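Participant:
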Amino acid sequence: MAGRGFHVARILRCGGDGAAGFRRLIAAGLLLLAGACAEPERPPNVILIVADTLRFDHLTFYGYERPTSPRIERRLAARGVVVEEAYAQAPWTLPSVASLLSGLPPAALVDTKGEPWGLPEAVDAMAERLKRRGYATAAFVANPTVHEGNGFAQGFDHFYVAPYELSSLELHADHLNGEILPWLAAAPAEPFFLYLHYLDPHDPYDNPDVVGGRSPFFPEYRGRLRGSDVHGLYLGRLTMADPAADRAHLVALYDSEIRYLDRHVGAVLDGLPPAVAANTLFVFTADHGEELYDHGGWKHGETLYEEQIHVPLVLRWDGRLPAGIRLPGTVRLLDLLPTVLAAAGDGAAAAALPGIDLLPALTGDRPLPRRPAFAQHLAGGPARAMVVLGRRKLLLFDRQAPFAPRDERERILWQQDVARLARLEAYDLAADPGEERNLAPPSPFDVPALPWLARELDRWRDGLRVMASGLEPGSVLQVRLVLDRPARIQPLFLGPADRLAVDGASVSLHLTGDATGIEKGVLITGDATRIAALAAAHNGQPLRPTVPATAGEHPPFPLAH
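Count along the sequence shown from 1, then add 3; that gives the number in the working numbering.
(1) Mind listing, in chain order, the continuous beta strand (DSSP E) runs of no fewer than 3 residues lying wholly within the region 246-293?
(2) Who pairs with Arg387 in a beta bridge, going by DSSP?
(3) On the DSSP bridge list, what partners appear for Gly524?
(4) Apply the 10 Å Cβ neighbour rule to Gly322 and answer buried if 16 or more other Cβ atoms are within range, or exposed otherwise.
(5) Looking at the structure shown, is Ala490 part of a helix, part of a strand, or coil, going by DSSP?
(6) With H, G and I counted as helix, E and B as strand and the rest as coil, what does DSSP make of Asn153?
(7) Classify Tyr167 as buried or exposed, calling it buried when 16 or more other Cβ atoms lie within 10 Å of its own Cβ.
(8) In angstroms, rounded to a whole number, what distance separates the CA positions of Asp177 and His267?
(9) Which of helix, strand or coil does DSSP assign to Gly1?
(10) On a CA-only basis, which of Glu173, Glu124 and Ala139 is nearest Phe155? Give me that one, please.
(11) Hey, would you say Ala103 sits closer than 7 Å to Ala145, going by beta carbons?
(12) Do the CB positions of Val49 and Phe64 come within less than 7 Å of each other?
(13) Do the region 301-314 and the region 268-276 touch if we need at least three Cβ pairs shorter than 8 Å?
(14) Could you check if Ala569 is buried or exposed, using at least 16 other CB atoms within 10 Å of its CB as the buried criterion?
(15) Are the beta-carbon atoms belonging to Ala490 and Pro444 less than 7 Å from one another?
(16) Could you round the C-beta distance between Ala101 and Leu122 to whole angstroms and report it? I think they count as a contact, below 8 Å.
(17) Confirm, please, whether the CB-CB distance from Leu236 to Trp591 is below 7 Å.
(18) Assuming contact is defined by CB atoms lying nearer than 7 Å, are Ala354 and Pro47 in contact in what I supplied?
(19) With H, G and I counted as helix, E and B as strand and the rest as coil, what does DSSP make of Met4?
(20) Starting from the Cα of Ala511, find the closest Cα among Asp530, Arg533, Glu522 and Ala540 and give me that residue.
(21) Determine whether the beta carbon atoms of Val314 and Ala535 lie at a separation below 7 Å.
(22) Can you tell me which of the three DSSP states Ile328 falls into?
(23) Assuming Leu79 and Phe285 make a contact with CB atoms under 8 Å, what is their CB distance in whole Å?
(24) Using beta-carbon positions only, say whether Arg319 and Arg82 come within less than 7 Å of one another.
(25) Could you tell me which whole beta strand (DSSP E) segments of length 3 or greater appear in the region 159-214?
(26) Can you say whether Ile328 is buried or exposed, counting buried as having 16 or more other CB atoms within 10 angstroms of its CB?
(27) Which partner residues does Leu503 have in the DSSP bridge list?
(28) What do you reckon, are the CB atoms on Ile521 and Leu427 nearer than 7 Å?
(29) Can the beta-carbon of Asp338 be found closer than 7 Å to that of Ile312?
(30) Just curious, the beta strand (DSSP E) that Ala139 is in, first and last residue?
(31) Is any beta-carbon of chain C found at less than 7 Å from that of Thr342?
(32) Once you ignore the five residues that flank Leu474 on each side, which residues in its own chain have a CB closer than 7 Å to its CB?
(33) Just to confirm, is the Cβ distance from Leu537 to Leu497 under 7 Å?
(34) Shortest alpha-carbon distance to Ser472 belongs to which of Leu495, Gly466, Leu197 and Leu486?
(35) Considering just the uninterrupted stretch of the beta strand (DSSP E) at His541, what are its terminal residues?
(36) Which of helix, strand or coil does DSSP assign to Arg335?
Printed below as a string of structure tokens:
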């Protein structure tokens, strides 16, 4: 009987002859599952909410003492999964959002000048991928830099972005909701992907809840600073007359921006019909954070400290994700695209991306894989990068590299950063979440991660890297290489005692080992195609390097043992 049942069940079809087949099976006394002829499961709607400039640690559900986010907490965090250690891939909007929507590292999206600018036409982004799966797609974006000219409109049936003008910085969440809510009221019948990008809490901190320039969280402030003054502080044009009170005031203004945003995100969530919300994957995050004088600076785009790069991340999907739990472990924003694609039923496309599908970890089916989060500065000037894994964090700053600021703004910010940032920084975030105690050098965890960080930093750069690693403190490596023709030589992470000389096609390096253990050398780009000759000596003893490499190879060409 079991064998006959298996045979008949295999040929059963829904509709047509299947109905007669079903009656015959009933007559035969066989039990069939009702689900055999069920409708295919409808993929979920996807609502991606990005809050511009929102640091994670100023949200109530991440432990903040002020009630900045009660609606987001009740409607998303309490009904979904809060990711505790989510990281953006850059500390400013364009490269971060481009990475989030494409699922690629920002360095893979740079233009020919090496400047991240948006989504190249050849890149398959979230909206395009979901549109091919039958989704209606719409975006409502308050940040005017996330516009069509930067490639962000591709794949969207409807794309609204605030005008590209300075006055758009005054357009708050109420303005964006005026565009969003009518679209939601006439939401399409097919599954939809909705990308909402609020500008709050981006400066100027002057939302409608601010009265007389003061925050409802600190109305007793009597100083002269207003929310728009944070930009002057950022550029060093203004100073704080009373640092304690002035900073507390600006923090309170920033917090009022979050509370204002919270109210309007809540309005969107409340406006969804229950039947729509029941089959919607909600993703709430930020493109980057905001420094509030944590490390002697303001705003964002300059450092890779937690306040600028660690972002909130909440996912809610009723009936599919558990409610009110927290997910520890390192997550990247570039993991969101494979997660959304997997939820939409495109697991094959999700598996082909650099990020990972988070759904098994979010549901508790499998542990979250241990993968480091990598981020870059990408706002001009010498390289800055960070890697974090398991509450251990490394930051690398190529502060010795030659740099000619393009304008007065770059000059001021560069001076500030050289004064406050070290060449290598290492932090134990579990013991020191504010990154106040630099453990490098030496550090118990910096050496194993440094080669990985250096390679990841240069992974997407064209050219040939000639790098030295493993130099003991005080030891000297001398290198002379001759190229087949002159080229552009860029120093990479040279220290104060290192020297570089270029004479036509000849390049000489004098490298001294130090306690940091940083991998260092040069990047060769331009017209050169190969290293014609190479000689090296370690502490005066000649080395025998391997066969000279050709330009364009991505693995570094090792010099030291």
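Don't be surprised by glycine CBs; every beta carbon is placed ideally from N, CA and C. Computed from a prediction, not measured in an experiment: that's the story for all the values here.
Facilitator: Straight from the coordinates:
(1) Runs of the beta strand (DSSP E) spanning 3 or more residues and lying entirely within the region 246-293 occur at 283-289, in chain order.
(2) For Arg387, which the question treats as bridged, DSSP gives the partners Phe400.
(3) Paired residues: Met470 and Leu495.
(4) It is exposed - the Cβ of Gly322 has fewer than 16 other Cβ atoms within 10 Å.
(5) If DSSP states are grouped into helix, strand and coil, Ala490 belongs with coil.
(6) If DSSP states are grouped into helix, strand and coil, Asn153 belongs with the helices.
(7) When all chains shown are included, Tyr167 counts as exposed.
(8) Asp177 and His267: Cα-Cα distance of roughly 7 Å.
(9) Residue numbering for the chain in the displayed model covers 4 to 564; residue 1 lies beyond these limits and cannot be assessed.
(10) Here the closest residue by C-alpha is Glu124.
(11) In the sequence as displayed, the identity of residue 103 is Leu instead of Ala. Note that the C-beta distance between Leu103 and Ala145 is not below 7 Å.
(12) Annotated as distal: Val49 and Phe64, with beta-carbon spacing of 7 Å or more.
(13) These segments do not touch.
(14) A query on residue 569 cannot be resolved here, the shown segment of the chain reaching from 4 to 564 and no further.
(15) It is not a contact, given that the beta carbons lie outside the stated cut-off.
(16) Contact flag correct, Cβ pair sits at about 5 Å.
(17) Nothing can be reported for residue 591: it is not among the residues displayed for the chain, which extend from 4 to 564.
(18) It is not a contact, given that the beta carbons lie outside the stated cut-off.
(19) Here the model assigns Met4 a pLDDT of 36, short of 50, so the residue's position is not dependable, and the following value carries that caveat. If DSSP states are grouped into helix, strand and coil, Met4 belongs with coil.
(20) The residue you asked about is not Ala; residue 511 is Ser in the sequence shown. Here the closest residue by C-alpha is Ala540.
(21) Going by beta carbons, Val314 and Ala535 fall outside the 7 Å limit.
(22) Shown here, Ile328 sits in a strand according to DSSP, grouped into three states.
(23) Yes, Leu79 and Phe285 are in contact; Cβ-Cβ is about 6 Å, under 8 Å.
(24) One thing to note: Arg319 has its Cβ within 7 Å of the Cβ of Arg82.
(25) Taking only runs of at least 3 residues, the beta strand (DSSP E) segments lying wholly in the region 159-214 are 161-164 and 195-201.
(26) With fewer than 16 other CB atoms across the displayed protein chains lying within 10 angstroms of its CB, Ile328 is exposed.
(27) Leu512.
(28) Contact annotation: Ile521 and Leu427 have beta-carbon atoms nearer than 7 Å.
(29) No.
(30) Per DSSP, Ala139 is one residue of the beta strand (DSSP E) stretching across Ala139 to Val144.
(31) No chain C is part of this structure, which consists of one protein chain only.
(32) Cβ neighbours of Leu474 beyond the five flanking positions: Leu480, Leu514, Gly516 and Ala563.
(33) Between Leu537 and Leu497, the gap from beta carbon to beta carbon reaches 7 Å or more.
(34) Shortest Cα-Cα distance from Ser472 to any of Leu495, Gly466, Leu197 and Leu486 involves Leu495.
(35) Ile534 to His541 is the extent of the beta strand (DSSP E) around His541.
(36) Arg335 falls in the strand class under three-state DSSP.
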